[in-house]
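Using UniProt numbering, the letters of the sequence shown map in sequence onto residues 1 to 834.
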Amino acid sequence: MSQVETSQGAGQPRAERGGYDAAAAEAKWQRFWAEDRTFVARDDDPRERRYMLDMFPYPSGDLHMGHAEAYAMGDVLARIWRMQGYNVMHPIGWDAFGLPAENAAIRNDEHPSRWTYENIETQKKSFKRYGLSLDWSREIHTCDEEYYRWTQWLFLQFFRKGLAYRKDGYVNWCPTDQTVLANEQVKEGLCERCGSVVTKRELTQWYFRITDYAQELLDDMGQLEGTWPDRVLAMQRNWIGRSEGAWVTFAVEGRDEPITVFTTRPDTLHGASFMVVAPDAPLAEEIVSDECRPAFEEYLERVKRTNDIERQSTEHVKTGVPLGVTAVNPVNGESIPIWAGDYVLSEYGSGAIMAVPAHDQRDLDFARTYGLPVRMVIDTGEPDPAVSGIATTGDGAYVNSGSLDGLSDKASAARRIIAELEAAGTGEATVTYRLRDWLLSRQRFWGCPIPIIRCPACGDVPVPEDRLPVRLPDLRGEALAPRGVSPLAAATEWKQVACPRCGADAERDTDTMDTFVDSSWYFFRYCSPQDDEGPFDPAQVRLWSPVDQYVGGVEHATMHLLYSRFFTKVLRDLGLVDFDEPFTRLLNQGQVINEGKAMSKSLGNGVDLGAQLDAYGVDAVRLTVVFAGPPADDIDWADVSPASSLRFLQRAHRLAQDVRAPHGADPAAGDRQRRRATHRAVAEITELVGSGRFNVAIARIMELVNTTRKAIDTGPGAADPAVREAVEFIAQALSLFAPYVAEEMWELLGGAPSIANSTWPTADPALLVADEVTMVVQVQGKVRAKLQVAPDIAEDDAVALALADPKVRRALDGRPVAKTITRLPRMVSIVPGR
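As structure tokens, then:
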């Protein structure tokens, strides 16, 4: 094998002129797959269908090491399914709207589409080079008018169903990207895209009513148990955050309308000694007294400059101001003061809480800071929190609690107090969720326009469906610069339209949709990508969906995956699909890191995928990323060796060169032990791949390559039909991970192209049963012999064989046998007499 200089430095191994030329094989088989349309899924194919889906790539540049791992994983399953006789759909497209394209357009004084489509072409070439079994006939781009027309159509269906609505309120605001963010896009108080500290801003925004499906999203996780990773299901359950408790109504003195709060501990109502309202909740603005308003407004401005994570931190010193009004505790008639406090969030319940400082540490800290009363209502045997400064949260006997005094069971106390509240009309049992409605408005240009016209007389009017799509105007460069409102707001000619309902002067909505809307239904579009009658053909969706296997990162657990589940349920209720969940199975892949750290330009530890492919070939890189560990584990590129993978592939390739048994030779005429090894490998690798243990399957292929090499070099030799059978299966198994070398091997073996169209073998059960097993013979606990015996050997025969062995006789040294212990067929233990 030659050694050449590459972009990785001198002496790096590359497959060329040593029997297997990786670069030539890649070019050759890419051409063949394209011309042959090898991986095109046919709707009229009668075979059982399988839908393999990779998470939507974003065209931000060329493919990187993370793509290398994720897409190799999905391709393994798509390829084995194809060989197992399924009609496989493995589509590809691009999640093509978004901020990176818009920011590039501002820098380069151009339209975002240029950057987007250029990157798509770059990625497309790399995907094809990477040897993925993709159906390019189904390619889609979310920024194409024929796609976002249907995103708008779906929005209108949500709107008519009451699931899309506008409201005023404080929203998460990214000061860098100059746009609002959904709760799911704020990570530890920072914008998940750019890392800027998120602040609050009051805006009128569009929402999807995902909370209407909160309980169903929880309940239907039962359908996903065992097929989705446990941690993804746990993350979604925690994000939805179901809480059982009660709504409790507090009358406000001097105000007709009461305050209703949610509490998970109605049993502690007698200990509620004040109330706290989130400063940025509309309620605070409504109830603050004229005397307290100046101080409140100054305080509100300070709170706006902090983020929710800071406000919720246990290290944060809680602050507040009095609102100058009091409420009435419904269980004891006590007047209690109402404060605004930064530790209460506007999105929790009604934005107000009842404070029970004796039994909640946050309430206690606030009470001690401002001298508010603390009343213990559960005696846990611990010191009084009013003295100790430590809230008691355990169980105990109820005290100072009216009708609850003497009880010690929390559930019984909660039931009794709720019954009293319901009888008095001041409360009721309820369930709430942490989940909030999906905020989908974005104040940027490069996204799907919201198809609503705002009319002074008619209000929000849907754009008529026959006028879709609402196309983006031709804005570029500096016109796209963020200004706190959407760039579309300045596109006067585009914005000003007649109301479709009354004909009066009106304006288009100038926000665009969150790009997660585009990616919440793309997998349905793949089923009929050229359909111009609707977003997809429901009949084709019934044929192909739900997705059999989805592959992607766990970082989308509470965004894309949750949104897609919500969309599917709405589309089901609209009669467009007939199932509850979009993705039957989910496989998460880990990250590719380097020297223990995530790759980044600032660290200078990036690994260029293109350079790795140039140095070692696609097959070696694909094999390396899959062999490095279980799919969900991170891969440290510093710890792996694509050079070793390349050497292994060259050894495998030489097997095909050395086979001498003719094509079509009957394997049954070959060496039975050799066939037994092959069929065991078939059974094991089939099971390992099906269960997602791809790295172990590769290890098993390596073992079979080594034993087959020995069989060629010794024993029956290269002319043995059993050797051909082994090498043919090695090529098929390798095609899952290293398709180019597998195609070359298959061609050398005389197989018809492509190996992707070959039939995956089934292990012969008769060859999985061993003819012989090793029986260990012990004398006084020491191993003296190892004998090959039949698996069903009788006990008398086993003992006789053991006693006849020369080594056993020497160990007995003429002594009689006092006892034999057998564990057939694996062991005979002999105890000699004196």
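The C-beta atom is built at its ideal place from N, Cα and C for all residues, glycine as well.
All values derive from a computational prediction rather than experimental measurement.
Only residues of its own chain outside the window of five on either side were considered, and among them P630 have a CB closer than 8 Å to the CB of R693, listed in chain order. Separation of I730 and V705 (C-alpha to C-alpha, rounded to the nearest whole angstrom) is 7 Å. Excluding five sequence positions before and after T211, the CB atoms of its chain that fall closer than 8 Å to its own CB belong to Y433, L435, R436 and D437, given in chain order.
Boundaries for E595: no alpha helix (DSSP H) harbours it, and the DSSP string shows neither H nor E there. Here DSSP, grouped into helix, strand and coil, assigns L623 to helix. Here Q496 is exposed: its Cβ has fewer than 16 other Cβ atoms, across all protein chains shown, within 10 Å. In summary, N238 is exposed, with fewer than 16 beta-carbon neighbours lying within 10 Å of its beta-carbon over all protein chains present. Taking 7 Å as the cut-off, the Cβ atoms of R525 and F536 count as close. C-alpha of M827 to C-alpha of E795: approximately 10 Å in a straight line. Rounded to whole angstroms, the Cβ separation of T249 and G427 is 6 Å, and the two are in contact under 8 Å.
Here K410 has D267 and D395 as same chain residues with Cβ atoms under 7 Å from its own Cβ, once five neighbours each way along the sequence are excluded. The beta carbon of Q591 lies closer than 7 Å to those of G66, A598 and D634 in the same chain, with the five residues before and after it left out.
Judged by DSSP secondary structure, E507 falls outside any alpha helix (DSSP H) and instead within the beta strand (DSSP E) spanning D505 to R508. DSSP places F250 in the strand class (E or B) of the three-state scheme. Note on K200: 16 or more other CB atoms within 10 angstroms of its CB, so buried under the neighbour-count rule.
The region 121-173 contains, as complete alpha helix (DSSP H) runs of 4+ residues, the segments 145-160 (chain order).
Taken through DSSP and simplified to helix, strand or coil, I417 comes out as helix.
In the same chain as D384, and ignoring 5 residues on each side of it, the C-beta atoms closer than 6 Å to its own belong to M376, in chain order. Under the three-state reduction of DSSP output, W438 falls in the strand class. Taking T686 as reference, the option from E315, R700 and G333 with the minimal CA-CA separation is R700. A Cβ-Cβ contact shorter than 7 Å links D636 with I593. Between the alpha carbons of V277 and T176 lies a gap of roughly 29 Å. Contiguous beta strand (DSSP E) elements confined to the region 257-331 occur at 259-263, 274-277 and 320-328, taking only those with 3 or more residues. In this structure R676 is in contact with L767, their Cβ atoms being roughly 5 Å apart against a cut-off of 8 Å. DSSP places W29 outside any beta strand (DSSP E); the residue lies instead in the alpha helix (DSSP H), whose first and last residues are A22 to D36. For R82, the secondary structure class from DSSP, reduced to helix, strand or coil, is helix.
Exposed is the label assigned to P765, since fewer than 16 other Cβ atoms lie within 10 Å of its Cβ. One alpha carbon belongs to A104, the other to A72, and they sit about 30 Å apart.
Per the DSSP secondary-structure output, L53 pairs in a beta bridge with Y550. Judged by DSSP in its simplified three-state form, W494 adopts helix. Here the alpha carbon of Q530 sits roughly 54 Å from the alpha carbon of G717. At a Cβ-Cβ threshold of 7 Å, A22 and G617 count as neighbours. Excluding residues up to 5 positions away in sequence, D379 and S408 lie with their Cβ nearer than 6 Å to the Cβ of A397 in the same chain. Under DSSP, T820 takes part in a beta bridge, and its partners are I830. DSSP, reduced to helix, strand and coil, places T199 within a strand of the structure shown. Cβ-Cβ distances below 8 Å link R149 to L468 and P469 in the same chain, with the five nearest sequence neighbours on each side left out; the list follows chain order.
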